[in-house]
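Numbering (mature numbering (1 follows the signal peptide of the UniProt record, and there is no 0)), first residue to last: -29 to -1, 1 to 245.
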């Protein structure tokens, strides 16, 4: 049976609490679990868009807001956990399920099929519009629209760069090992290096020296493009870490790199008033 957008959305609403994506199981023993004590956390609906939200339960005023952009595996347990970690730091964290029109990333058992059959079908323009909707929803639910940040992981790291060029509402961005250069097509017409001159917010890039998919040469190309445009940016390279070093549920996890990068992200947000 072919799933309609409405049926797929309802399925995702029911499955947002279902744990980790099939393609990443079994999860590693290093997996971190952040409880929801003191938080308001769970699935929300932004029009047709499912999302996971976490925020302090006892907030007394508008909260700094972080949009958390998923990996290719969707808003599975790891992304939800990151939202809870941010909420423990006083943020309203919102992670929209950006693939919902096309399928559920958590139900794919292998990465190649996931990329070919789902991720490649998602247009950047649609993603950016959904992130705008998430930002607007957060502002209506206790978030401070003047203190909006964005962070993303892997696929979401690339989108973080694009979103920082898309809207001046973002005050700071942190991109975790997101692709910077590469081929384009109608769904992905521009790469981060192509929007280097259009960044509207300072972005911190967190990258791995042993990343087999994102070369240090591409990082250097992005750095040069940003310097030429006099954009505010910074990069931190973790020489011995691999791609996905923050993914505590996978073998790629590097505790030292992940912990240092997390502190750097929070400091970057504070530096720019988020």
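Using N, Cα and C, we set each Cβ at its ideal position, and we do this for glycine too.
Item to complete: Could you tell me the distance, in whole angstroms, from the CA atom of residue 12 to the CA atom of residue 81?
Response: 29 Å
Worksheet entry | Same chain, Cβ closer than 7 Å to residue 78, neighbours up to 5 away in sequence not counted | -8
Item to complete: Quick one: using the 10 Å Cβ neighbour count with 16 as the cut-off for buried, is residue 98 buried or exposed?
Response: buried
Discussion item. Assuming residue 202 and residue 151 are in contact, meaning their beta carbons sit under 8 Å apart, how far apart are those beta carbons, in whole angstroms?
Written reply: About 13 Å separates the two Cβ atoms, so there is no contact after all.
Discussion item. Pull the bridge partners of residue 147 from the DSSP assignment, please.
Written reply: 124 and 177
Practice prompt. Please report how far the alpha carbon of residue 72 lies from the alpha carbon of residue 89, in whole angstroms.
Written response: 10 Å
Item to complete: In angstroms with no decimal places, state the Cα-to-Cα distance between residue 283 and residue 182.
Response: Outside the shown range of the chain, which is -29 to 245, sits residue 283, and nothing can be said about it.
Practice prompt. Can you say whether residue 111 is buried or exposed, counting buried as having 16 or more other CB atoms within 10 angstroms of its CB?
Written response: exposed
Discussion item. Can you check which of these residues, 87, 100 and 25, is closest to residue 7 by C-alpha distance?
Written reply: With distances taken between Cα atoms, residue 7 lies closest to 25.
Discussion item. Please state whether the Cβ-Cβ distance between residue 176 and residue 193 is less than 9 Å.
Written reply: A contact, by the Cβ cut-off of 9 Å.
Worksheet entry | Contact check, residue 38 vs residue 120, beta carbons under 9 Å | yes
Discussion item. Considering just the uninterrupted stretch of the beta strand (DSSP E) at residue 164, what are its terminal residues?
Written reply: Neither: residue 164 is in no beta strand (DSSP E) and is coded neither H nor E.
Worksheet item: From this set, 162, 233 and 92, which residue's C-alpha is nearest residue 154's C-alpha?
Response: 162
Item to complete: On a CA-only basis, which of 30, 85, 22 and 75 is nearest residue 54? Give me that one, please.
Response: 22
Worksheet entry | For residue 226, the first and last residue of its enclosing alpha helix (DSSP H) | 226 to 242
Worksheet item: Taking Cβ to Cβ, would you say residue 143 is nearer than 9 Å to residue 173?
Response: Taking the C-beta atoms as reference points, residue 173 is found nearer than 9 Å to residue 143.
Worksheet item: When burial is assigned at 16 or more other CB atoms within 10 Å of the CB, is residue 4 buried or exposed?
Response: exposed
Practice prompt. Whole angstroms is fine: what's the gap from residue 61's alpha carbon to residue 28's?
Written response: 10 Å
Item to complete: Classify residue 41 as buried or exposed, calling it buried when 16 or more other Cβ atoms lie within 10 Å of its own Cβ.
Response: buried
Worksheet item: Rounded to a whole number of angstroms, what is the C-alpha to C-alpha distance between residue 205 and residue 242?
Response: If you take the alpha carbons of residue 205 and residue 242, they lie about 12 Å apart.
Practice prompt. Label residue 230 either buried or exposed according to how many other C-beta atoms from any shown protein chain fall within 10 Å of its C-beta, with 16 as the threshold for buried.
Written response: exposed
Worksheet item: So is residue 51 buried or exposed if we call it buried at 16+ other beta carbons inside 10 Å?
Response: Buried, since its Cβ has 16 or more Cβ neighbours within 10 Å.
Practice prompt. Would you mind listing the beta strand (DSSP E) stretches within the stretch 16 to 54 that are 3+ residues and don't spill past its ends, in chain order?
Written response: 20 to 27 and 34 to 40
Worksheet item: Which partner residues does residue 66 have in the DSSP bridge list?
Response: 23
Item to complete: Just mark residue 156 as buried or exposed, buried being the case when its beta carbon has 16 or more other beta carbons within 10 Å.
Response: It counts as exposed.
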